[in-house]
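J.: Chains as they are written, first to last, in the working numbering: chain B, 37 to 295; chain H, 715 to 1034. Just so you know, even glycine gets a beta-carbon here, dropped at the ideal spot from N, CA and C. Supplied in structure tokens, the structure appears directly below.
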Ligand SMILES: Nc1ncnc2c1ncn2[C@@H]1O[C@H](COP(=O)(O)OP(=O)(O)OP(=O)(O)O)[C@@H](O)[C@H]1O
Ligand SMILES: [Mg+2]
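Laid out in structure tokens, this is it:
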């Protein structure tokens, strides 16, 4: 395969999004998500980062009245994940998500990681065992929990819980992983852990991450998108955005001159 | 998404307090704490004491009768030989009918209203009705049941009628507690399940029902305990006060080994037995009544205790 050519894993095209109360939270947003890269979404609070992220796995479908308008194409099959005919469940099986606050199920560590497989009807115990181990290793949690897989997930520390949630999202071999401020509830050491983990994960999949922390975006991402008031202001390689942004607004935000 | 808009203009009007003032303020706040918790404690003690005195009084009055025979004897014209066999068997069978009908219906309704029902005027009306039903006096249920089960469906003045009546009474309690238990599950947990690709049904089965189980169970037991002590609706649908026979056994020795004839049997229940003894002039029967009352209270306390224990056990693993 050509090393240099960048494959697009997914791309949002002219995406508008309306909440049930009529709020137009996204305005004509377009963005590519490159394969095996980390794309960071930055922007001030309330600018629509989470809203945008949650379009990718159709999370908004859970609440009646929300409306998408536009496309998110998933390659290589060119499926528009927002199309009416596409089942959100199918989309979520391909695109997994890690939330801001760790949200493990009140079940055992093992069951948390295995849940995605159970949902997919995987019955074979040994297959599930293997996958759970693989996912926990992938989330650098295996060594800490291998002797206590049947313990309750709530007994883990916050950072461990978040890595458990990553393992849960990883166990089903997603093509894209969405992270919504995955470290904002964690201490600096746990944050570094998760960042290293994400950098390692991009060999396997493509990552879209929302972050409030600009150093974090600069450290881990390959591409960065700056959003403001529901619009995509600028998208470029992370180096470019942080050293030489082409838009004044982006520069103001990055240098902290913003509002 | 909680962003406070601080208005700086107001802040400047507030003068900084001296340390003494702060201390005085904290002290007065703490005094309020103390006053409130004392009043709370007093009321609790008062309530508990009343219950305790009532209970102790019943047990002491009924003590001579609280023996094995009391549970195995039928009622009798002679107080010394009278027992509560037909009453506790009647109560148990009726509770069984109540449980089997009200629990599945109540839980299903609660889950439906909370998770599936669209929000429109129709479901609003259902909701208001359900909430109000819980406060309807029980005698009204009795009248409803008399008209519906006895006169319309011709179920007779039987165990099945009584069970269904108490089932109706218990239904709103189960529905409300199911909904409350479901509502206490954080959105984040549901979203986590959906995010890995679970269908709504899987989220219900693997998460919502499991995590709300403790709360639902508590509601069921408390509803059952209330149904157990109900008298008015049971009298309305025609409980007998003097029964010296048992309903046909539910298990038989000939295939199919299970019989539902007992459903059609006449019945009495513990509180009615107690009431009937109480209305006798002889003092000896009052002892029986006290003993029966003690049994009812003990059963109720036992059920409520179980509910608390179960909730504690089940909630122990769930922290949110
Ligand atoms: N459920 C909702 N209904 C209506 N409006 C909403 C809803 N959720 C969010 N919004 C609005 O949509 C806009 C974008 O919100 P969003 O949560 O996507 O912002 P964000 O960039 O993720 O902010 P933050 O960095 O604080 O998480 C905001 O104006 C918000 O008020
Ligand atoms: Mg957000």
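1) Could you list which residues in chain B have their beta carbon closer than 7 Å to that of residue 840(H), in chain order?
2) Ends of the beta strand (DSSP E) at residue 77(B)?
3) Thinking C-alpha only, which one of 907(H), 877(H), 737(H) is nearest residue 978(H)?
4) Can the beta-carbon of residue 784(H) be found closer than 8 Å to that of residue 958(H)?
5) According to DSSP, simplified to helix, strand and coil, what is residue 947(H)?
6) Taking just the CA atoms, how far does residue 134(B) sit from residue 163(B)?
7) Taking the straight line between their C-alpha atoms, what separation do you get for residue 946(H) and residue 983(H)?
8) Using only the alpha-carbon positions, how far apart do residue 227(B) and residue 217(B) sit?
9) Strictly under 8 Å for the Cβ-Cβ distance: is residue 37(B) near chain H by that measure?
10) Counting only Cβ-Cβ distances shorter than 7 Å, please list the residues of the segment 779-808 of chain H near chain B, keeping chain order.
11) Classify residue 1002(H): buried if its beta carbon has 16 or more other beta carbons within 10 angstroms, exposed otherwise.
12) Looking at residue 955(H) and ligand 1, is the gap between the Cβ and the nearest heavy atom below 7 Å?
13) Do you know whose CA, among 793(H), 829(H), 886(H), 849(H), lies nearest residue 997(H)'s CA?
14) Would you say residue 908(H) and residue 255(B) are within 8 Å of each other, going by their C-beta atoms?
15) Could you check if residue 921(H) belongs to the surroundings of ligand 1, using beta carbon to heavy atom distance under 7 Å?
16) Beta carbons nearer than 8 Å to chain B: which residues of the segment 911-929 of chain H have them?
17) So, with DSSP's three-state summary, where would you put residue 854(H)?
18) Taking C-beta to C-beta, are residue 171(B) and residue 206(B) nearer than 8 Å?
19) For residue 902(H), go through chain B and note every residue whose CB falls closer than 8 Å to its CB, in chain order.
20) Please name the residue, chosen from 951(H), 753(H), 842(H), 935(H), that lies closest to residue 817(H) on a Cα-to-Cα basis.
21) Would you say the segment 62-73 of chain B touches the segment 254-271 of chain B, given that touching needs at least three Cβ pairs under 8 Å?
22) Check the Cβ-Cβ distances between residue 1031(H) and every residue of chain B, and say whether any is below 8 Å.
23) Going residue by residue through the segment 874-932 of chain H, where are the continuous alpha helix (DSSP H) segments of at least 4 residues, counting only ones entirely within it?
24) Looking only at its chain, what residues have a beta carbon closer than 8 Å to the beta carbon of residue 250(B), apart from the 5 residues adjacent to it on each side?
25) Compare the C-beta of residue 142(B) with all C-beta atoms of chain H and state if any pair is closer than 8 Å.
26) What residues in the segment 143-155 of chain B have a beta carbon less than 7 Å from any beta carbon of chain H?
27) Report yes if the C-beta distance between residue 45(B) and residue 202(B) is below 8 Å; otherwise report no.
28) Using a Cβ-Cβ distance under 8 Å, would residue 908(H) count as near chain B?
29) Look up residue 267(B) in the DSSP assignment and say whether it is helix, strand or coil.
30) Please compile the residues from chain H whose C-beta is within a distance smaller than 7 Å of the C-beta of residue 184(B).
31) Roughly how many angstroms separate the alpha carbons of residue 136(B) and residue 865(H), rounded to a whole number?
32) CB of residue 85(B) to nearest heavy atom of ligand 2: below 7 Å?
33) Step through the CB atoms of chain H and report whether any lies within less than 8 Å of the CB of residue 271(B).
34) Between which two residues does the beta strand (DSSP E) carrying residue 967(H) extend?
35) Fully enclosed by the segment 161-201 of chain B, which alpha helix (DSSP H) runs are 4 residues long or longer?
36) Using a Cβ-Cβ cut-off of 8 Å, state whether residue 132(B) counts as contacting chain H.
T.: Reading off the structure:
1) In chain order: nothing, as chain B lies at least about 18 Å away.
2) 74-78
3) The residue with the shortest Cα to Cα distance from residue 978(H) is 877(H).
4) At a Cβ-Cβ threshold of 8 Å, residue 784(H) and residue 958(H) do not count as neighbours.
5) helix
6) 24 Å
7) 11 Å
8) Their backbone Cα atoms lie some 11 Å apart in a straight line.
9) Low confidence applies to residue 37(B): its pLDDT is 40, below 50, so where it sits in the model is not reliable enough to give any reading.
10) none
11) buried
12) no
13) 793(H)
14) In this structure, residue 255(B) does not lie closer than 8 Å to residue 908(H) by Cβ.
15) no
16) 911, 912, 913, 916, 920, 921, 925
17) helix
18) Cβ atoms of residue 171(B) and residue 206(B): closer than 8 Å.
19) 135, 137, 139
20) 935(H)
21) Enough Cβ pairs lie closer than 8 Å, so yes.
22) yes
23) 901-909, 914-917
24) 78, 278, 290
25) yes
26) 151, 152, 155
27) no
28) yes
29) strand
30) What residue 184(B) touches in chain H: nothing, since even the nearest Cβ is about 15 Å away.
31) The straight-line gap from Cα to Cα measures roughly 60 Å.
32) yes
33) no
34) No beta strand (DSSP E) contains residue 967(H), which DSSP labels as neither H nor E.
35) Listed in chain order, the alpha helix (DSSP H) runs fully inside the segment 161-201 of chain B are 161-174, 178-181, counting runs of at least 4 residues.
36) yes
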